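Notes to accompany the following structure.
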Amino acid sequence: MNEQTAKTNGANNEYAVQLIGMHKWYGDFHVLRDNNLSVKPGEIIVICGPSGSGKSTMIRCINRLEEHQQGRIIVNGTELTGNLKNIAEVRRDVGMCFQHFNLFPHITVLENLTLAPIWVKNTPKAEAQEIAMKYLERVKIPEQANKFPGQLSGGQQQRVAIARSLCMNPKIMLFDEPTSALDPEMVKEVLDVMVELGEEGMTMLCVTHEMGFARKVAQRVIFMDEGQIIEENNPHDFFDNPQNDRTKLFLSQILNH
Amino acid sequence: MVETKTHAPGAHPAMPAPLATSGVIKWAKDNLFSSPLNVAITFVVAYLLFKIIPPLLDWFIFDAVVDATSRNECEEKGDGACWAVIKVRFSQFIYGFYPENLRWRVNLAFILLIVALVPVLFDNVPHRTKALIFSALYPIIAFFLLWGGLGLEPVESAKFGGFMLTVTIGVAGIVLSLPLGILLALGRQSTMPLIHWICVIFIEAMRGVPLITLLFIASTLLNYFLPPGTNFDLLLRVIIMVTLFASAYMAEVIRGGLAAIPKGQYEAADAMGLKYWQATRLIVMPQALKISIPGIVNTFIGLYKDTTLVLIIGLLDPLGLGQSVLADSKWQALSDEIYVFIAVGFFLSCFAMSRYSLYLEKKLHTGH
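Sequence order for the protein chains is A and B. When we follow this note's numbering, the leftmost residue of the first sequence carries the number 32, and every step to the right adds one. When we follow this note's numbering, the leftmost residue of the second sequence carries the number 875, and every step to the right adds one.
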C-alpha cells in the first residue's frame, strides 16, 4: 500500500516517462518552463531545437543529473523526488549516453562495461564479463575489450558507451547529442547501433541534430525553444508541414545548407 | 653511390635511417653542437668539469682515509676525506642509542618494511592480494618490534636515533598522511557545510603554521592539555604532528587532482547508479591520484626531509647525531665528511621516491 502510493501516486502507469508541468531554474534563470511529455514504452522520441533551448537539461532531469523545482517527473512508475531510494531506482532503469562519451579512461573497455553490474547489481565478475562481451559484440567491437578508451576512435568510444549502458539492462535510454562530438564518417556507425536498438523495442529519448535519424526511426519529434516544448508531431508532418514559425525557421536553417 | 631502385606505387619498403639522423651522433649534434652558442657552452662546461671532477674524486676516494682512530691519524694518512669518522660512528648514525643487543629488531623491522612495500609499489607481484594483507598489518608489527611490548623488551623512544629515526617518522608520516589527505580533500569538496568548513579550517591552520611550531607544541604545549600523569610518547606526538602537517599539503595536492576530473566522469558514475563512495573509490580517486602523483611524491619527499627538524626538540636524527660527533674531541670539526654522508643518505631515499613516481606515472598512462 505504502509502496504503491510512493510509486504511482495517481500518475498513469502505462507511460515509461511522464513529465507533468515540469519547471527548472538555474539560480534565477528559468530554463525549463511548464513542460509536459508522455512517452510510451518502446517509443523513440527525438528532441531538437536551437542550442540553449533546454533540451539537454530536460533529458538530464529524467535521471536526476539535474534537479527540477516544480511539477512532476515519473519514470517507470517511480516519481523523482528528493528520496534517494527513488533516484537509485530510476537510475537502475535508465541508461544514458553523453556527447563526450564519458568513458572511464583509467580502466579497460571491458572494465568500463562490468563496473556498474558488479558494484551496483552485485553481478558475479565472470557473469558480468560474459554480459559485457555480448554487448560489445552487438556494437561490433568485441576485439577492443582489453584496450583503454583513449586508444579507441570517437565512434568506437561512443559505441562502448552505449554497450556500457546496455549492460545494466535499462528499460529507457537517454541520448544527449551522442554524435555531436564525432567526425562525420563515424556518425553512421553510432546511428546504426541506435537504429538497431530502437528496432528491438527500446524506449529512447534522443537529443540530436541528426534529422535523417529522426525521420527514419523516431515516432515523435519534439521541438524546443526557450525552455518550452513548442511543437511535437510525427516525423513526417514535423518535417514536411511544421506548424510553428520558430520550428519552420529552425528547420530551414539546419536543412538548407 | 645512392641507390636509385624504383618500386611500384605503395610497395616501397622501410629503409634504415641515414647516418646522423639517429643514435649517439644525432643526440650530440642536437644537444651539444646545434648552434655556435651551444658549441661554446659545451666547451666551457667540459673545461669546468675537467677542473672540478678530478679533485673531487681525489677527496672522495683516492686520498680518502677509511681506517683511523682519530682525526689526527686521518690527517697523517692522507689529505682526502676522513671517512673513518663515519666508519667508527656508523652504527650510531643508523640506530642512534637503540640498545645494541636489540638492534636485530630494527633490522628485522626494516627488512619487513621492504617486504611490505613491494606489493604496494608493484602490481605484478605474485599473490599480491595476500601480500597486501601483510602490508596492512605491517605498521602494527613494526610498532611492537621498535617500541617493544608483547613479550619484547620495551625500548623508550628517547633511544631512537639516526636514520632509523628518520625512516620511522618518515614512513609513518607518509603512510598516515596520504589517507588523511584524501579524506581532507574530499571533505573540502563536500556539500555539507559542517564537514566543508572543518576541513578548510584544519587545512589552512596547518598550512599557515611552520612545522617547527607544531613540533614545539608536540614537545611542550601538549603536556598542558593532556591529563596530568599521562606519559604520551614524544616520538608518537612528533609523528602525529608531522602527519597532520603533511596531510594538509597532501589535501591541497589531491584537491588539484580532483579539480582536473571532468564533470562528465561524475555524471557517468551517477547515471550508472554508483553511490558516492563507490564513484569516489572506483572512478574519481584513481584518476585524481594519478594526476596528483608528482605533487604527492613532492610532499612525501618534503616530509621526509623535514624530519630533520626534530633535532630542535632534542630528538637525535642523523643531523642531531652529526652535531654531537662534531663536538667529540677525537673527531673535531669533520663537518664536511659528516654532512656529505648525511646528504648522501637522504639523497638516496629521496631520489628513489622520485624515480618511483616517474615509473608509476608511465605505468598508469593509458593513452589519450
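Ideal Cβ positions, reconstructed from N, Cα and C, are used throughout, including at glycine. Bear in mind the structure is a predicted one, so any value in this text is a computation, not a measurement.
If you draw a straight line from the alpha carbon of residue i to that of residue j, how long is it in whole angstroms?
i, j, result
"D937 of chain B", "L930 of chain B", "10 angstroms"
"V989 of chain B", "F1221 of chain B", "22 angstroms"
"L987 of chain B", "V999 of chain B", "16 angstroms"
"A157 of chain A", "P148 of chain A", "11 angstroms"
"V191 of chain A", "K219 of chain A", "15 angstroms"
"G1103 of chain B", "D932 of chain B", "57 angstroms"
"K55 of chain A", "Q49 of chain A", "15 angstroms"
"G1196 of chain B", "V1041 of chain B", "17 angstroms"
"I1056 of chain B", "Y1123 of chain B", "11 angstroms"
"K178 of chain A", "N153 of chain A", "24 angstroms"
"H1070 of chain B", "L1132 of chain B", "15 angstroms"
"L111 of chain A", "R95 of chain A", "7 angstroms"
"L923 of chain B", "C1224 of chain B", "25 angstroms"
"L1100 of chain B", "I1113 of chain B", "17 angstroms"
"A942 of chain B", "F967 of chain B", "18 angstroms"
"Q1063 of chain B", "G1130 of chain B", "11 angstroms"
"A37 of chain A", "K71 of chain A", "Any answer about A37 of chain A is weak, because its pLDDT of 44 lies below 50 and its placement is not dependable; what the coordinates show is given next. The alpha-carbon atoms of A37 of chain A and K71 of chain A are separated by roughly 21 angstroms."
"V221 of chain A", "Q189 of chain A", "7 angstroms"
"G976 of chain B", "K1033 of chain B", "The question names Gly, but residue 976 of chain B is Leu in the sequence shown. If I take the Cα positions, the gap works out to 11 angstroms."
"S1051 of chain B", "G1169 of chain B", "13 angstroms"
"V238 of chain A", "C92 of chain A", "13 angstroms"
"I172 of chain A", "S184 of chain A", "11 angstroms"
"D1144 of chain B", "A1153 of chain B", "8 angstroms"
"Y1098 of chain B", "T1117 of chain B", "21 angstroms"
"L1163 of chain B", "M1066 of chain B", "23 angstroms"
"Q35 of chain A", "E241 of chain A", "Its pLDDT being 43, under 50, Q35 of chain A is placed unreliably by the model, and the measurement read from it follows with that caveat. One C-alpha to the other measures close to 40 angstroms."
"D271 of chain A", "E231 of chain A", "27 angstroms"
Thinking just about the alpha-carbon of each residue, which of the options is nearest to the one in residue i?
i, options, result
"L134 of chain A", "B:Y1140, B:R1081, B:I927", "B:Y1140"
"L982 of chain B", "B:C956, B:F1018, B:I1128", "B:F1018"
"M225 of chain A", "A:R251, A:A212, A:L197", "A:L197"
"I1128 of chain B", "B:A1059, B:G1036, B:L1200, B:I1069", "B:A1059"
"Q284 of chain A", "A:M199, A:N67, A:C79", "A:C79"
"G52 of chain A", "A:A176, A:N275, A:D256, A:I105", "A:I105"
"R1111 of chain B", "B:K1149, B:F924, B:G1047", "B:G1047"
"S69 of chain A", "A:S87, A:T234, A:C128", "A:T234"
"T145 of chain A", "B:G1082, B:L1109, B:L1148, B:I1186", "B:L1148"
"L1011 of chain B", "B:P910, B:G884, B:V994, B:K1033", "B:V994"
"I960 of chain B", "B:L1177, B:V1199, B:G884", "B:V1199"
"P86 of chain A", "A:Y57, A:E174, A:E208, A:E216", "The sequence given here has Lys at residue 86 of chain A, not Pro. Closest option to K86 of chain A, Cα to Cα, is A:E208."
"S1231 of chain B", "B:R979, B:F1174, B:G954", "B:F1174"
"I293 of chain A", "A:E168, A:N265, A:H137, A:Q100", "This structure does not reach residue 293 of chain A, given that chain A is present from 32 up to 288, and the question cannot be answered."
Could you work out which residues of chain B lie near residue i, taking near to mean beta carbons separated by less than 7 angstroms?
i, result
"A147 of chain A", "M1146, G1147, L1148"
"R123 of chain A", "G1147"
Counting only Cβ pairs nearer than 8 angstroms, list the residues of chain A close to residue i.
i, result
"K1164 of chain B", "H137"
"I926 of chain B", "The premise fails here: I926 of chain B is roughly 46 angstroms from chain A at the closest Cβ pair, so nothing lies under 8 angstroms."
If you follow the alpha helix (DSSP H) that residue i is in, where does it begin and where does it stop?
i, result
"Y921 of chain B", "910-931"
"T154 of chain A", "Looking at the DSSP string, T154 of chain A is not in any alpha helix (DSSP H), and its letter there is neither H nor E."
"K116 of chain A", "115-124"
"C948 of chain B", "945-951"
"N264 of chain A", "First-last for N264 of chain A: 259-264, but that is the beta strand (DSSP E), not the alpha helix (DSSP H)."
"V989 of chain B", "977-995"
"M1124 of chain B", "1108-1133"
"G1169 of chain B", "1159-1180"
Residues of chain A with CB closer than 7 angstroms to the CB of residue i, please, in chain order.
i, result
"T1240 of chain B", "P136, H137, F179, G181"
"G1138 of chain B", "F129, H131, N133"
Which chain E residues are close to residue i, counting only those with a beta carbon under 7 angstroms from its beta carbon?
i, result
"Q1152 of chain B", "The structure shown contains no chain E; the protein chains it does contain are A and B."
So residue i is in the beta strand (DSSP E); what residue range does that whole segment cover?
i, result
"H61 of chain A", "60-70"
"K55 of chain A", "48-57"
"F254 of chain A", "251-256"
"T234 of chain A", "234-238"
"C21 of chain A", "For chain A, the structure presents residues 32 to 288; residue 21 of chain A sits outside this window and is missing."
"M204 of chain A", "203-207"
"I105 of chain A", "101-106"
At 9 angstroms on the CB atoms, spell out the chain A contacts of residue i, in chain order.
i, result
"P1160 of chain B", "F135, H137, I138"
"G1156 of chain B", "This sequence places Leu at residue 1156 of chain B; Gly is not what is there. Going along chain A in sequence order, the residues near L1156 of chain B (Cβ under 9 angstroms) are F135, I138, L146, W150."
"P1141 of chain B", "The question names Pro, but residue 1141 of chain B is Glu in the sequence shown. The contacting residues are R91, L96, M127, F129, N133."
"G1130 of chain B", "The contacting residues do not exist; G1130 of chain B stays about 17 angstroms from chain A at best."
Quiz item: Taking a cut of 7 angstroms between CB atoms, which residues from the stretch 189-210 of chain A lie near chain B?
Solution: Of all residues in the stretch 189-210 of chain A, M199 have a Cβ within less than 7 angstroms of some Cβ in chain B.
Practice problem: Using a Cβ-Cβ cut-off of less than 7 angstroms, give me the residues of the stretch 148-159 of chain A that come near chain B, in sequence order. | Solution: Residues W150, V151.
Practice problem: Identify each residue in the stretch 108-132 of chain A for which the Cβ-Cβ distance to at least one residue of chain B is less than 7 angstroms, and report them in chain order. | Solution: From the stretch 108-132 of chain A, only A119, R122, R123, M127, F129, H131 have a Cβ closer than 7 angstroms to chain B.
Self-check item: Short-range partners of chain B found in the stretch 64-97 of chain A, where Cβ spacing is below 9 angstroms
Solution: So the close ones are R91, N94, R95, L96.
Self-check item: Members of the stretch 1217-1240 of chain B that neighbour chain A once the beta carbon cut-off is set at 8 angstroms
Solution: Per Cβ criterion, the list reads L1238, T1240.
Quiz item: Just by C-beta distance, which residues in the stretch 1031-1059 of chain B are closer than 7 angstroms to chain A?
Solution: Within the stretch 1031-1059 of chain B, no residue has a Cβ that lies closer than 7 angstroms to any Cβ of chain A.
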